[in-house]
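S.K.:
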Amino acid sequence: MQKKIDLINGPILSSLTKLALPIMATSLIQMAYNMIDMIWIGRLGSSAVASVGAAGMYMWLSNGLVTLARMGGQVHVGHAVGAGRTDFAGRYAATTFQMTLLLGVLYGLVCTIFSKPLIAFFHLTSTSVINDAVSYLMITCGLVIFSFLNQIFTGLFTAIGNSHPAFLSTSVGLVINIILDPLLIFGIGPFPALKVTGAAIATIIAQMVVTLLFLFFASQDHILFHHIHLLQAPDSKKASEIFRLGLPSCLQSLVFTGISMTIARLVAGYGDAAVAVQKVGAQIESISWMTSDGFASAVNSFIAQNHGAGKEDRIHAGYRSALKIVLPWGLFCTILLVCFPTPIFKIFITEPDVIPMGISYLMILGFSQLFTSLEITTSGAFCGYGRTLPPSIIGITLNLLRIPMALALTATPLALSGIWWSISITSILKGLILFIWFQITIKKIILHKERRHSYVDL
């Protein structure tokens, strides 16, 4: 397991790419993981997709919650490793796991106990859709602890410069999900046809296996994980530092999900088919943002370690190198969704009355994919510095703007498409503003460093 990549010495582009490629591949696998679920569920009809779409919002919400521990833990571990303090890194990692276990258990209990009122928020009209959504929510979010742990393991392995365990573990999880989905959804051989419930069970089993594999890889690691002692008393100081650093990103993610849930409620006003379109469209759209998110994680670790090592000169160069890879990918995704929406959407849903709505979604959101990639990568750079506030300010402000914009645009002849345009326009603005803010921040840091050296020379 000595595959740690040296991020603070040597060529920048090659070391960053070596770390990023497995993470990007992991993101693509996760995307395929989700899409395979959606392809099989789509064969049950748009009502089944609507059920998973509604319940899936709370899974999305859980990702914001785990960000509280993951972001703070990953950045602090990266800083400690860069500074050569692996003992401190171990304490931060142990505290991160303790926080994650607590959050996962509490969230799972809430989703299990209040599953019906949580689904009722969306005002779904079909009884069967509601029942399926409740079942999916209780299983996937009730056992969300495995998803939480997998995200923490991924962040910590990436922080020390070893992205291979996440790739290998997630790959095995994908294979298991591919095998179990049709068996449990449609009831092949001795298996009963569990439909939407079967998809949820397949997902949880795959996540459990991924967790077990992460535990195996952690047992083989001699850089960070042997410094972790979960049974020791919680370190309140480390927990406070993780909390402060992770809170802005957590709030941004939670607000984003809350706004998305409100948007989903507006979408539901156009029927259950519209909810299905949004769910499928978001899965297709993830081809750009999940890949960018994977690369942003590598940028986060690269900047965190170099910041901890005091090598500020490598940070801006690393960010520029990342953009050379991420921006062409974002442009490719924009062209793909804008120019070829019909054949892509038909992979998931083939109902003739639903396809036109799906085409509209993909074309409109397609225009923002390049800027979404820019936003996510820049957010990773900010967070690597330990400056999680700027991405949160931009994200929360412009995501909140989506609601009044959607209400205004749906009152025009755009109707449902007005909601899609509110998402696309704000995504474009987030990417542009955050990029400009980071450039200003970098210049200030460089100028401050030059002045400090000039003062020392005097």
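Quick note, our numbering runs 71 ahead of the 1-based positions in the sequence shown. For glycine and all other residues, C-beta sits at the position ideal for the given N, C-alpha and C.
(1) Please state whether DSSP places Leu325 in a helix, a strand or coil.
(2) Residue ranges of each alpha helix (DSSP H) run of no fewer than 4 residues wholly in the segment 435-514, ordered along the chain?
(3) Give the single residue among Gly365, Thr362, Gln354, Thr405 whose Cα lies nearest to the Cα of Ile420.
(4) Using the Cα positions of Thr413 and Val338, report the straight-line distance between them to the nearest angstrom.
(5) When we look at the beta-carbon of Arg315 and count the other beta-carbons within 10 Å, is it buried (16 or more) or exposed?
(6) What do you get for Ser199, buried or exposed, if any count of 16 or more other CB atoms within 10 angstroms of its CB means buried?
(7) Just the C-alpha distance for Pro475 and Ile435, rounded to the nearest angstrom, thanks.
(8) I want to know whether the segment 185-193 touches the segment 125-145 - three or more CB-CB distances under 8 angstroms.
(9) Check Asn80 in the structure and name its three-state DSSP category.
(10) Taking the alpha helix (DSSP H) that Leu180 belongs to, which residues open and close that run?
(11) Mind checking which residues open and close the alpha helix (DSSP H) that includes Arg114?
(12) Per DSSP, what kind of secondary structure is Glu383 in: helix, strand or coil?
(13) Would you call Val176 buried or exposed, if buried means 16 or more other Cβ atoms sit within 10 Å of its Cβ?
(14) What is the residue span of the alpha helix (DSSP H) that Ile275 lies within?
(15) How big is the Cα-Cα spacing for Pro82 and Phe228?
(16) With respect to 7 angstroms, is the separation between the Cβ of Phe438 and the closest non-hydrogen atom of the ligand FMN below this value?
(17) Exposed or buried, what is Phe327 when buried is set at 16 or more other beta-carbons lying within 10 Å of its beta-carbon?
(18) Tell me whether the beta-carbon of Thr171 lies closer than 8 angstroms to the beta-carbon of Phe217.
(19) Taking Ile491 as the reference, which of Leu480, Leu500, Gln101 has the closest Cα?
(20) Within the same chain, show all residues whose beta-carbon is closer than 8 angstroms to that of Leu471, passing over the 5 residues directly before and after it, in chain order.
(21) With Ala393 and Val370 assumed to form a contact (beta carbons below 8 angstroms), what rounded beta-carbon distance in angstroms separates them?
(22) For Asn105, I'd like the list of residues in its chain whose CB is within less than 6 angstroms of its CB, leaving aside the five on either flank, ordered along the chain.
(23) Mapping the DSSP letters down to three states, classify Asn233 as helix, strand or coil.
(24) Apart from the five residues on each side of it in sequence, which residues of its chain come closer than 6 angstroms, Cβ to Cβ, to Pro93?
(25) Between which residues of its own chain and Ala310 is the CB-CB distance below 7 angstroms, once the five residues before and five after are set aside?
(26) To the nearest angstrom, report how far apart Trp111 and Pro253 are at their CA atoms.
(27) Beta-carbon within less than 6 angstroms of Ile76's beta-carbon, same chain only, minus the 5 sequence neighbours each way: which residues are those?
(28) Indicate whether Ser463 and Ser320 have their beta-carbon atoms separated by less than 8 angstroms.
(29) Pairing CB atoms from the segment 270-284 with CB atoms from the segment 133-146, are three or more of them under 8 angstroms?
(30) Tell me which same chain residues have a C-beta within less than 7 angstroms of the C-beta of Gln101, skipping the five on either side of it?
(31) Which residue's Cα is closest to the Cα of Ile496: Ile247, Ser439, Leu173, Ile516?
(32) So what's Ser197 in DSSP terms, helix, strand or just coil?
(33) From this set, Met95, Thr97, Gln291, Arg458, which residue's C-alpha is nearest Ile513's C-alpha?
(34) Once the 5 residues before and after Val527 are set aside, which same chain residues still bring their CB inside 7 angstroms of it?
(35) Alpha carbon to alpha carbon, what distance is there between Gly429 and Gly502?
(36) Applying the 10 Å Cβ sphere with the 16-neighbour rule, what's the burial state of Ser133?
M.R.: In short, the structure shows the following:
(1) helix
(2) 440-456, 460-481
(3) Gln354
(4) 21 angstroms
(5) exposed
(6) exposed
(7) 18 angstroms
(8) yes
(9) coil
(10) 157-184
(11) Note, Arg114: premise wrong, no alpha helix (DSSP H); not H, not E.
(12) coil
(13) exposed
(14) 267-291
(15) 21 angstroms
(16) This structure does not include the ligand FMN; it has no bound ligands of any sort.
(17) buried
(18) no
(19) Looking at the sequence itself, residue 491 is Trp, so the reference to Ile does not match. Out of Leu480, Leu500, Gln101, Leu480 has the C-alpha closest to the C-alpha of Trp491.
(20) Val326, Ile330
(21) 5 angstroms
(22) Gln354
(23) coil
(24) Ser234, His235, Phe238
(25) Thr166, Met170
(26) 7 angstroms
(27) Ser86, Lys89, Leu90, Gly232
(28) yes
(29) no
(30) Thr241, Met361
(31) Ser439
(32) coil
(33) Arg458
(34) With a pLDDT of 45 at Val527, under the threshold of 50, the modelled position of that residue is not reliable, and the figure given next carries that caveat. There are no such residues.
(35) 24 angstroms
(36) buried
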